[in-house]
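>
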Amino acid sequence: MREFLSDHKIEFTERNIRRDPEARQYIIDALGVEAVPLTLIDGETVIGFDQTRLEALLNIQRKV
Numbered sequence: 024m025r026e027f028l029s030d031h032k033i034e035f036t037e038r039n040i041r042r043d044p045e046a047r048q049y050i051i052d053a054l055g056v057e058a059v060p061l062t063l064i065d066g067e068t069v070i071g072f073d074q075t076r077l078e079a080l081l082n083i084q085r086k087v
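In the working numbering, the protein residues as written are 24 to 87.
Here it is, written out as structure tokens:
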């Protein structure tokens with residue numbers, strides 16, 4: 024995930040739920056999940072590395 028976002032020059036904030044109990048509790052309380060990677064984009068939740076969905080939400084054109 025980190026590499027994908029960096030490759031597309033997309034700024035992001037990374038939170039490690041193993042080291043940040045507040046971040047862990049937030050995703051459990053607000054989203055009802057405890058899966059990683061979990062990405063929030065403009066209120067949309069992407070669980071796992073779903074490249075097609077990430078590209079759509081971030082308006083990234085896939086290189087041919």
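Even glycine gets a Cβ: it sits at the ideal position worked out from N, Cα and C.
Is it the case that the Cβ atoms of V56 and I33 are separated by a distance below 9 Å?
No, they are not a contact pair.
> Over what stretch of residues does the alpha helix (DSSP H) that includes E67 continue unbroken?
It is not in any alpha helix (DSSP H) - E67 instead sits in the beta strand (DSSP E) that spans E67 to I70.
> Going by alpha carbons, who is nearest to R38 out of S29, L61 and K86?
Looking at the Cα atoms, L61 is the closest of the given residues.
> Starting from L63, trace the beta strand (DSSP E) in both directions and tell me its first and last residue.
L61 to I64 is the extent of the beta strand (DSSP E) around L63.
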